[in-house]
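In our numbering, the protein residues as written are 250 to 811. From the three backbone atoms N, C-alpha and C, an ideal C-beta is built for every residue, glycine too. Let me begin by presenting the structure, written as C-alpha cells, before commenting on it.
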C-alpha cells in the first residue's frame with residue numbers, strides 16, 4: 250500500500266484511496282466498534298459490534314478489543330477517544346492564526362489554568378473561530394494526564410494493535426454537529442455539493458450567510474458524563490462536562506432497589522419500555538435536567554452580553570433511549586427539544602449503511618469518533634506523547650524510501666551493465682568489420698593485431714603514402730592557386746578601372762569574384778581584360794557596376810592555344 254507513504258490518503262475531506270477506519274468507544278458498560286469505509290466523498294458504515302462488559306478490569310477490556318478486531322472485518326486504522334470525564338477543557342483567545350503558530354504557544358498559555366503540571370499533561374486543541382482581520386483565534390484546549398493517555402494506549406498494545414488517532418469525544422461531537430447538524434452548513438451542502446471546508450471554514454459563512462442568528466445547544470448524555478456544547482452560528486462558544494450520566498441513573502436505581510448495577514444499566518438501555526424502573530428513571534432525569542439548567546445559567550454569565558437563549562436543544566447519546574426522555578425534557582425546558590436524527594445526518598454527510606447494520610441515537614458518540622478523522626486530521630493526542638504508535642507512518646515512509654533507493658541503485662547498476670555489454674558487443678563487431686574492410690580495400694596484413702589504435706595507425710600510414718604518390722602525379726597536370734591569382738593580377742588593371750574586390754573564392758572546380766567598378770566605361774575595359782585571361786574562362790559577363798562573376802578553369806589545350 251502506498252497510502253500516506255508516497256501519496257496522501259486524502260485531500261481535504263475527500264479520500265484518494267478507499268480507507269477503512271475502525272472506531273472503538275470504551276465505556277464502563279460496553280465496548281463498541283464501528284467499521285467505516287471512506288471512498289472519495291462517500292461514507293459507508295460497514296459493520297458494528299457492541300460487547301457488554303462484565304467488569305471494567307484491564308483484561309476484560311483487552312479481551313473485548315481483541316474480539317472486535319477479530320470479528321468486525323479488515324481495517325486500515327484504529328481511532329478512539331478519551332472520555333471527557335478525564336479531560337480538562339479551557340477556552341482561549343490568542344493573537345495568532347494558523348494551527349502551526351498556535352501549537353507553538355498553546356501549552357504555555359494554558360499552563361497556569363491546569364490543575365496539574367505541564368510535564369504531566371498531554372495537550373490538544375481545535376480552532377473554533379478565526380478572525381483574519383484582527384489576526385486572532387479562539388480555540389478549545391483539551392488537557393489530559395499523560396498517565397491516562399498512556400493507560401488507554403496500553404489497552405490496545407496489549408490487544409496487539411496500534412492506534413492511529415486518539416481524540417477527545419467533545420472534539421468529535423462538535424465536528425459532527427458542525428458538518429452534519431449545523432443548519433447553515435447543511436444548507437450549503439444542499440446548494441453546493443462541491444463545498445469541502447476545513448473545520449470552521451469561513452467559506453460557508455461568506456457564501457451562505459445566515460439570515461438570522463442560530464444559537465443551539467448540542468447535548469450528549471453519555472454513560473459516565475453529559476457533554477454540553479453551546480454553539481452560536483456554528484461557532485463553539487462554551488462547553489461543559491457534567492459528571493452525571495446513565496451510570497449515575499443506574500447506580501441510584503440499583504441502590505434504591507438493591508439490584509445489580511450492571512443488570513439495571515443494561516435493562517434501562519436495552520429495554521426502556523419495561524415498567525420496572527419508570528418512576529425511578531423519571532426522578533433521575535429531573536436531576537439531569539437540573540444540571541443542564543444550571544449549565545445554561547452558567548453559560549449566560551460566562552458569555553455575558555453576547556449570550557442569546559438557545560432556540561433549540563439537540564440531544565444525543567445513551568440518555569435518549571430512557572423512558573419518556575424527550576417528552577420529559579420538553580416539559581422541563583421552555584426551549585424546543587429534538588433528538589438527533591441519524592437519517593437526516595446521513596443524508597447531509599452522504600453516509601449509507603450495510604444491510605445488516607443499524608445505528609441508533611445511542612451510537613452518536615462512536616459515530617462522531619468514526620467521522621472525526623475525515624474532517625480533522627490534525628488533532629490527535631498521540632502526537633503529543635512519545636510512543637511507538639506515533640511513528641508507524643514515519644517508519645513506513647523511511648522503509649519505503651530505503652526500498653526505493655535500493656531499487657533505484659539496483660536499476661541503475663543493471664542498466665549500466667546492460668549498456669556496457671551492448672557497447673562491448675558493438676565494439677567487437679565494429680572491430681571485426683574494420684579489420685575486414687582494411688584487409689579488403691587496403692591489402693594491409695593485420696594478422697594477429699588486436700589493438701584497434703594500432704590498426705587505425707597502420708591504415709592512416711598506408712593512406713598517407715598513397716596520397717603522396719598520387720599527389721605527385723596530379724601536380725604535374727594541375728595548375729596551382731597562385732598561378733590563377735597571377736593570371737588575374739597580370740591581366741586586370743585594378744587602379745585604372747577602380748576595381749574594389751569584395752570577395753575572391755578559389756576552389757578546384759570553380760573561381761568566383763565579387764566586387765565593384767567606378768563607372769560603365771570601366772566595365773567595358775574590365776570585360777576586355779577578362780577575355781585576355783590565359784588560365785581562366787569567364788562564365789558570364791558582368792552587367793552591373795556591382796557584380797559577382799564566375800570563372801571555370803580552361804582545358805590544357807585551350808590555354809596552350811592562348
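Check residue 284 in the structure and name its three-state DSSP category.
In the chain shown, the residue the question calls residue 284 occupies position 35. Looking at residue 284 - three-state DSSP - the assignment turns out to be strand.
Using the three-state DSSP reduction, which class does residue 793 fall into: helix, strand or coil?
Locating residue 793 in the chain shown gives position 544, where the first residue counts as 1. Residue 793: coil per DSSP, three-state reduction.
Going by DSSP, what residue range makes up the beta strand (DSSP E) through residue 311?
Translated into the one-based positions of the chain shown, residue 311 becomes position 62. Where residue 311 is concerned, there is no enclosing beta strand (DSSP E), although the alpha helix (DSSP H) it sits in stretches over 307-321.
Candidates 670, 794, 587, 411: which alpha carbon is nearest residue 816's?
A question about residue 816 goes unanswered here, because the residues of the chain that appear run from 250 up to 811.
Using three-state DSSP, classify residue 561 as helix, strand or coil.
As a position in the chain shown, residue 561 is number 312, starting the count at 1. Residue state, collapsed to three classes: strand.
Within a Cβ cutoff of 6 Å, which residues of the same chain sit near residue 621, ignoring the five residues on either side of it in sequence?
Along the chain shown, read from residue 1 onward, the residue named residue 621 stands at position 372. Taken in chain order, the residues that qualify are 416, 421, 424.
Taking three-plus beta-carbon pairs below 8 Å as touching, is the stretch 581-589 in contact with the stretch 498-506?
Flag = no, the stretch 581-589 and the stretch 498-506 do not touch.
Helix, strand or coil for residue 411? Go by DSSP, reduced to three states.
For this step, residue 411 is matched to residue 162 along the chain shown. If DSSP states are grouped into helix, strand and coil, residue 411 belongs with coil.
Using a threshold of 8 Å, state whether the C-beta atoms of residue 331 and residue 398 are closer than that.
Here residue 331 refers to the residue found at position 82 when the chain shown is read from its first residue. Here residue 398 refers to the residue found at position 149 when the chain shown is read from its first residue. Yes.
Is the number of C-beta pairs between the stretch 461-477 and the stretch 364-371 that are closer than 8 Å three or more?
The stretch 461-477, when compared against the stretch 364-371, does not touch it at the 8 Å Cβ threshold.
Let me know the secondary structure DSSP gives residue 764 once reduced to three states.
Your numbering for residue 764 matches position 515 in the chain shown. Looking at residue 764 - three-state DSSP - the assignment turns out to be strand.
What do you get for residue 466, buried or exposed, if any count of 16 or more other CB atoms within 10 angstroms of its CB means buried?
The residue labelled residue 466 in the question sits at position 217 within the chain shown. Residue 466 is buried by the Cβ-count criterion.
Can you find the residues in the same chain that come closer than 7 Å, C-beta to C-beta, to residue 348, ignoring five residues on each side of it along the sequence?
Sequence index remark: in the chain shown, residue 348 carries index 99 (1-based). These residues qualify, in order along the chain: 376, 627.
Compute the Euclidean distance between the alpha carbons of residue 741 and residue 730, then round it to the nearest angstrom.
Taking the first residue of the chain shown as 1, we reach residue 741 at position 492. Taking the first residue of the chain shown as 1, we reach residue 730 at position 481. Roughly 17 Å separates the two Cα atoms.
State buried or exposed for residue 419, treating a residue as buried only when at least 16 other CB atoms are found within 10 Å of its CB.
The residue you call residue 419 lines up with position 170 of the chain shown. Burial call: buried.
Can you tell which of 765, 736, 776, 530 has the C-alpha that lies nearest to the C-alpha of residue 576?
The residue given as residue 576 occupies position 327 in the chain shown. Of 765, 736, 776, 530, the residue nearest in Cα terms is 530.
Inspect the beta-carbon positions of residue 598 and residue 322 and report whether they are closer than 8 Å.
Counted from its first residue, the chain shown places residue 598 at position 349. Counted from its first residue, the chain shown places residue 322 at position 73. No, the pair does not count as a contact, with Cβ atoms beyond the cut-off.
Got a sec? Which residues, its chain only, sit under 6 Å from residue 763 by beta carbon, not counting five neighbours each side?
In the chain shown, residue 763 corresponds to position 514, counting from 1. Here the set comprises 751, 752, 797.
Based on the DSSP secondary-structure assignment, which residues constitute the bridge partners of residue 380?
Within the chain shown, residue 380 is the residue found at index 131, counting from 1. According to DSSP, which records beta bridges pairwise, residue 380 is partnered with 385.
Would residue 535 be called buried (16 or more neighbouring beta carbons within 10 Å of its own) or exposed?
Within the chain shown, numbered from 1, the residue matching residue 535 stands at position 286. Exposed, since its Cβ has fewer than 16 Cβ neighbours within 10 Å.
Thinking C-alpha only, which one of 394, 608, 667 is nearest residue 293?
Within the chain shown, numbered from 1, the residue matching residue 293 stands at position 44. Considering only alpha carbons, the answer is 608.
Residue 795: which of 759, 786, 748, 803 sits nearest, CA to CA?
Along the chain shown, one-based indexing puts residue 795 at 546. That would be 748, whose Cα lies nearest to the Cα of residue 795.
Taking 8 Å as the threshold, find out whether the stretch 295-315 comes into contact with the stretch 274-285 through three or more Cβ pairs.
With a cut-off of 8 Å, the stretch 274-285 and the stretch 295-315 count as touching, because enough Cβ pairs lie within range.
Report buried or exposed for residue 739, applying the criterion of at least 16 other Cβ atoms within 10 angstroms of its Cβ.
Counting from one through the chain shown, the residue named residue 739 turns up at place 490. Exposed: under 16 other Cβ atoms inside 10 Å.
Beta-carbon within less than 8 Å of residue 732's beta-carbon, same chain only, minus the 5 sequence neighbours each way: which residues are those?
Stepping through the chain shown from its first residue, residue 732 is reached at position 483. Excluding residues within five positions, the ones whose Cβ falls inside 8 Å are 784.
Near residue 394, which residues of its chain fall below 8 Å by C-beta distance, leaving aside the five closest residues on each side in sequence?
One-based indexing of the chain shown puts residue 394 at position 145. So the qualifying residues of the chain are 335, 365, 369, 370, 371.
Quick check on residue 507: does DSSP put it in helix, strand or coil?
For the purposes of this step, residue 507 is taken as residue 258 along the chain shown, with counting starting at 1. Here residue 507 sits in coil by DSSP.
Using a threshold of 8 Å, state whether the C-beta atoms of residue 341 and residue 359 are closer than that.
One-based indexing of the chain shown puts residue 341 at position 92. One-based indexing of the chain shown puts residue 359 at position 110. Yes. Within cutoff.
Pick helix, strand or coil for residue 374, following the three-state DSSP scheme.
Position 125 of the chain shown holds residue 374. Three-state result, residue 374: strand.
Just verifying my parser: in three-state terms, what is the DSSP assignment at residue 296?
Here residue 296 refers to the residue found at position 47 when the chain shown is read from its first residue. Strand, per DSSP.
Could you check what DSSP says for residue 707 in three-state terms: helix, strand or coil?
Translated into the one-based positions of the chain shown, residue 707 becomes position 458. Here residue 707 sits in helix by DSSP.
Relative to the C-alpha of residue 746, which residue among 760, 735, 773 is closest?
Taking the first residue of the chain shown as 1, we reach residue 746 at position 497. Among 760, 735, 773, the Cα nearest to that of residue 746 is on 773.
If you draw a straight line from the alpha carbon of residue 612 to that of residue 363, how long is it in whole angstroms?
Residue 612 sits at position 363 when you count from the first residue of the chain shown. Residue 363 sits at position 114 when you count from the first residue of the chain shown. Rounded to whole angstroms, residue 612 to residue 363 spans 31 Å at the Cα level.
So is residue 295 buried or exposed if we call it buried at 16+ other beta carbons inside 10 Å?
Counting from one through the chain shown, the residue named residue 295 turns up at place 46. Buried, because 16 or more other Cβ atoms sit within 10 Å of the Cβ of residue 295.
Confirm, please, whether the CB-CB distance from residue 678 to residue 704 is below 8 Å.
Working through the chain shown from its first residue, we reach residue 704 at position 455. Working through the chain shown from its first residue, we reach residue 678 at position 429. Taking 8 Å as the Cβ cut-off, residue 704 and residue 678 do not qualify as a contacting pair.
Nearest to residue 392 by CA position, among 354, 563, 339, is which residue?
As a position in the chain shown, residue 392 is number 143, starting the count at 1. With distances taken between Cα atoms, residue 392 lies closest to 339.
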